Amino acid sequence: MGFLSFLKQSPKQQYIQGEIENYLSLIEQCSDHFVQCIEDYLTKITITDEFMAWAHKIQEFESQGDDRRRDIERVMYAKGLIPQSRGDVLGLLEAMDRLPNRMASVVQILYTENISLPPRYQEDFQNLALINVEAVRETVLLMRSFIQALEGLSERIQRIGEEESSSDSLERRLIYDLFRTDELTDFQRIILRDLFLEVGAISDFAENFADRVGVCSVKRLF
Amino acid sequence: MWLITSSVVLGWGLGANDAANVFGAAVSSQVLRWGTAAVLTAAFVTIGAVAQGAGGVHTVGSVVEQTSVQAVISMFAAGLSVLVLTTLKLPVSTSQAVIGGLVSVGLITGADVNGQVLVKVVTCWVGTPIGAAVFAVIFYYLLAMVFARFEMTLFTYDTLVRRGLVVLGIYAAYSLGANNVGNVSGVLYQAESFDLSVTLACLIGGAFIAFGVLTYSKNVMRTVGRGLVPLDGFCALVVMLSSAATIHVYAMVGVPVSSSQAVVGAVIGIAFVKGLALLNRGMVVRVLFGWIATPLVAGAIAAAIYGLRAISPML
């Protein structure tokens, strides 16, 4: 009991841990709404009120995530963690923050550019979005594993790498087809290429995050 | 009076400079406020001095037989050399300055310098960084075994490092007091004019060091401590434990040594374990400077003061 109380977390550490969990929940909700948003878009192939409602929610989650991340940083710098842990958590949160940003960006491109996706790309686009969302969900689980224990980290890191590879190859196939079909104008090709690249960037950032976790976890192996 | 003043200066300088080796890592990583760290250091330095400082006091007091005036010159030269070298931002060891001053005055006056004690002291100086490096290797693997027994979440690791920095800081303060009080009190204890008991001499010496910690260690603790932090929390713990254990061992042997050189040795040990290129020319220069230049500078200053006194007996 004596030694266990020696290891008891400080109130600031407990607060930081709680806030990180809240931040991760926001990212999960953001992912769920992103899937709903894409499904709504692909069902109706136009920007509907429902789509805008989902998009608005995603923007809200992204903004709330930024606020929460800043709050965690503030508490960490107010003597919440030692510099090494602080540096690790800070770097990981900043890397993770790019994921909701990218999801929000995809949704924004869809409605600001009012993109009409040709039927031949709809199924692959949906798959591309789902693969990238899966990569985001894996990063959330990876962050939880990193915070709570180091078990299963390498499997999760590997899984994110696989998602990124799948996303890359699907993205390449889509872009390859874009520039060989006669159904599109050059203008449409460029617009769609940028959209596919933007969706694929989500798993690129997820992989970047996973690499960082790998580096940070090595420091806790003796 | 002059002897007391010299001891106060020496103890003050020692406390102000060496407190960084005790709680520097904890303060610069914001685990502890400077005020708390300074109070803990002052308290445990004094406890260590009283509990286990007698050996060092006897050793320093037995290097050479001196009159009160000669003792004042030795101590003043040691204090002045520490002050000058610190001002010039050169690595300095109080233990080596004190011995340099004592031996120099002893040689000039033709007093009988105790060769056996001197050899023991110099051997311990050389053994300090080497011993700390060996301890660092051993403690690295031992602590790694302990850490590996826990489910090492980010927060468990953080908590272990935070608590460890405080507990080991207290141990390091105790060791510093036990080891280095001989530098401050050895000559006082030997001086016939005071006729102090060894415990009282240790208490006075510990209080002088504590005075330095409480009044002037703030900036040094913050800046020097940062040098340890980039090692990562676990290695900083190993360095603290190794250097504290090393100077504690030499306290039991009864020879005051340099805590800074113990830290350098421990960092070298960590570098060896991790295969890192942490050992650079600056570190070697730092240790060699402490071994050779510090006693020489203190000896030269002592000789100069003694010479001036011969020319002008008013001094």
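Heads up: the sequence lines are chains A and B, in that order. Note that the first sequence covers residues 27 to 248 in our numbering. Note that the second sequence covers residues 37 to 351 in our numbering. Even glycine gets a Cβ: it sits at the ideal position worked out from N, Cα and C. All figures in this text were calculated on a predicted structure; none of them were measured in a lab.
Under a 10 Å Cβ-count criterion, HIS59/A is classified as buried, with 16 or more other Cβ atoms of the shown protein chains found around its own Cβ. Counted as a single uninterrupted DSSP element, the alpha helix (DSSP H) harbouring MET122/A occupies residues 109 to 138. Bounds of the alpha helix (DSSP H) holding ASP194/B are 190 to 226. If you draw a straight line from the Cα of ARG124/A to the Cα of SER243/A, it is about 21 Å long. For the region 90 to 150 of chain B, the continuous alpha helix (DSSP H) assignments of 4+ residues that do not extend past its boundaries occur at 90 to 97, 104 to 123, 130 to 145, in sequence order. In summary, GLY178/A is exposed, with fewer than 16 beta-carbon neighbours lying within 10 Å of its beta-carbon over all protein chains present. PRO292/B sits in coil when the DSSP states are folded into three classes, being neither helix nor strand. Boundaries of the alpha helix (DSSP H) around PRO331/B: 330 to 347. In its chain, beyond the 5 residues on either side, THR77, GLY205, ALA208, ALA209, LEU212 have a beta carbon closer than 7 Å to the beta carbon of VAL58/B. The continuous alpha helix (DSSP H) containing ALA52/B extends over residues 38 to 54.
In the structure shown, VAL67/B falls within a coil segment according to DSSP collapsed to helix, strand and coil.
Across the structure, ALA169/B and ASP54/B are spaced so that their CA atoms are roughly 19 Å apart.
Neighbours of PRO37/A in chain B, taken as residues whose beta carbon is under 8 Å from its own, are absent, since the nearest beta carbon is some 12 Å off. Chain order gives no chain B residues near LEU168/A, where near means a beta carbon separation below 9 Å; the closest approach is about 13 Å.
For ASP220/A, the enclosing alpha helix (DSSP H) stretches over residues 212 to 244. For LYS245/A, same chain residues with a beta-carbon under 8 Å away, outside a window of 5 residues either side, are GLN110, ASP114 in chain order.
Put simply, the CB of SER295/B is far from chain A, with every gap to its CB atoms at 8 Å or more.
The C-beta separation of ALA227/B from SER110/B comes to about 11 Å, leaving the pair out of contact by the 8 Å criterion.
Going by C-alpha positions, TYR225/B is about 6 Å away from LEU232/B. LEU223/A has its alpha-carbon roughly 12 Å from the corresponding atom of GLU190/A. What ASP268/B touches in chain A, judged by beta-carbon distance under 8 Å, is GLN110, LYS245, going in chain order.
Neighbourhood of ALA175/A in chain B, by CB distance below 7 Å: GLU187, THR189, in chain order. Taking C-beta separations shorter than 6 Å and ignoring five residues to either side along the sequence, the partners of ILE183/A in its chain run ALA236, GLY240, following chain order. Setting aside the 5 residues that flank it on each side, TYR67/A is surrounded in the same chain by PHE77, LEU136, each with a C-beta closer than 7 Å to its C-beta; the list follows chain order. Per the coordinates, the alpha-carbon of LYS38/A lies some 5 Å from the alpha-carbon of GLY106/A.
The contact set of TYR207/B on chain A, defined by CB atoms closer than 9 Å, is empty, because the minimum CB distance reaches about 15 Å. In the three-state scheme derived from DSSP, where H, G and I count as helix and E and B as strand, LYS156/B is classed as helix. Judged by DSSP secondary structure, GLU190/A falls within the alpha helix (DSSP H) whose first and last residues are 179 to 204. Contact check between the region 283 to 291 of chain B and the region 159 to 173 of chain B: three or more CB pairs, one atom from each, fall below 8 Å, which counts as touching.
Sixteen is the threshold: since fewer than 16 other Cβ atoms of the shown chains lie within 10 Å of the Cβ of PRO145/A, the residue is exposed.
Distance between PHE231/A and LEU50/A, taken at the CA atoms: about 16 Å. Each residue's CA atom was taken as its position, placing ARG238/A and LEU118/A some 7 Å apart. Of the candidates SER64/B, VAL274/B, ASN216/B, ALA307/B, SER64/B places its Cα closest to the Cα of VAL256/B.
Looking at the backbone, the Cα of LEU196/B and that of PHE205/A are separated by about 58 Å. Taking each of GLN43/A, GLN35/A, GLU54/A, LEU221/A in turn and checking the Cα distance to TYR147/A, the smallest one comes out for LEU221/A. Listed in chain order, the non-local C-beta contacts of ALA339/B below 7 Å within the same chain comprise SER140, ILE144, local neighbours out to five positions each way being set aside.
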